[in-house]
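Okay, so here's the structure we're looking at.
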Amino acid sequence: MDQCISSPLSSLGHHFLTFRATPTKTHNMSRLNGKTAVITGGATGIGLAAAKRFIEEGAFVFIYGRRQEALDAALADLGPNARTVKGSVSDLADLDRLYAAVKAERGTLDIVFANAGGGSQLKLGEITLEHCDEILDTNVKGSIFTVQKALPLMGQGGSIILTGSSAGTTGAPAFSLYGASKAAVRNLAKTWAEDLKGTGIRVNVLSPGPTATELAKEALGEEGMKVFASLNPLQRMADPAEIGAAAAFLASQDSSFMTASEVAVDGGLAQI
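Just so you know, the sequence shown maps onto residues 1 to 272 in full-length UniProt numbering.
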């Protein structure tokens, strides 16, 4: 699972089905011209939608994920301005290979979208050490080292985007570890904004709510989709392209005076 759960009712995090068509393309087609981006968890769902948007706006994108079949399919979809690297965010040697590939082909790096994540439900009293390790290794350690290993390639004007979740600000039954991991991600951004003073590199959090992904459709089924569509004030699920659009905003100079911020794209789920 590339990403996970932002709702108290499911272990599917920010991956749910929508009843809305993909937004019309009215965006600036040159906002990311010449930029190089890395997107972890980039082969499917929100990561793939962000990769498409970045490329549409002029970026060259490296997508990183664990499943070669999904990476190959994404590359065929994205075209010549994309590259793929197979690996896990919890494996430091894999991350070294990722950034070696970026340096060899592009030299520098402008955008890091640390989007890989995962989680599952276990109530207090049922939590295991394996459950802790799985979630914290991916969501917290993975985010830390995805960013830290990117820094030598980044400089003035760089943008780091961390995928949070509405679960990081709300209580959700059986979601203590997932929610805690996303709360940690939010605090990483605030602390790193201080650490990055003087570098010209910004760091922000993008926190999706229930979002229509392939995983959500398979896991929820038609009835489950109807339930989740009713949970937020907009009464629908996000299209992954809507989350990708927010990521492109944070990646671009349109957000040049933003750092340590959290942008919630959750239909109001965690805001009221």
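All C-beta atoms in this analysis are idealised placements derived from N, C-alpha and C, irrespective of residue type, glycine included.
Please read these numbers as outputs of a predicted model, since none were measured by experiment.
Where the beta strand (DSSP E) through P240 begins and ends
From DSSP, P240 is part of no beta strand (DSSP E) but of the alpha helix (DSSP H) over P240 to A251.
Problem set entry | Segment limits, beta strand (DSSP E) that includes E262 | Where E262 is concerned, the enclosing beta strand (DSSP E) stretches over E262 to V265.
Please give the ranges of any alpha helix (DSSP H) in the segment 135-191, keeping only runs that are unbroken, at least 4 residues long and fully inside the region.
The segment 135-191 contains these whole alpha helix (DSSP H) runs: 142-148.
*Got a sec? Which residues, its chain only, sit under 8 Å from I144 by beta carbon, not counting five neighbours each side?*
So the qualifying residues of the chain are L188.
Where the beta strand (DSSP E) containing R83 begins and where it ends
Looking at the DSSP string, the run of the beta strand (DSSP E) that includes R83 is A82 to K86.
Open item on the list: Assuming contact is defined by CB atoms lying nearer than 8 Å, are L92 and V102 in contact in what I supplied?
Closed with: Against a cut-off of 8 Å, the Cβ pair of V102 and L92 comes out as no contact.
(Q) Please report the straight-line C-alpha distance between G158 and R31, rounded to a whole angstrom. (A) Note on geometry: alpha-carbon atoms of G158 and R31 lie some 14 Å from one another.
Report the three-state DSSP secondary structure of A270 (helix, strand or coil). In the structure shown, A270 sits in coil (DSSP, three-state: anything other than H, G, I, E or B).
Which residues mark the beginning and the end of the alpha helix (DSSP H) in which F54 is found? G45 to E56 is the extent of the alpha helix (DSSP H) around F54.
TODO: Could you tell me whether the Cβ atoms of T49 and A241 are closer together than 8 Å?
DONE: Correcting the residue identity first, residue 49 is Ala in this sequence and not Thr. Yes.
- Item | Simplified DSSP assignment, three categories, for F257 | The answer is coil: DSSP assigns F257 none of H, G, I, E or B.
Does R202 come out as helix, strand or coil in the three-state DSSP assignment?
Looking at R202 - three-state DSSP - the assignment turns out to be strand.
- Query: Relative to the alpha-carbon of E218, which residue among N33, A193, G45 and D96 has its alpha-carbon at the smallest distance?
  - Reply: Considering only alpha carbons, the answer is G45.
**Message:** Check for me: the alpha helix (DSSP H) holding A74 runs from which residue to which?
**Reply:** For A74, the uninterrupted alpha helix (DSSP H) run begins and ends at Q68 to L78, by DSSP.
Heavy atom of the ligand SAH less than 7 Å from the Cβ of L153, yes or no?
-> This structure lacks the ligand SAH, and indeed carries no ligand of any kind.
Task: Whole-angstrom distance between E126 and L234, CA atom to CA atom - done: So the alpha carbons of these two residues sit roughly 34 Å apart.
G117 versus R106, D137 and A100, residue with shortest Cα-Cα distance
Looking at the Cα atoms, D137 is the closest of the given residues.
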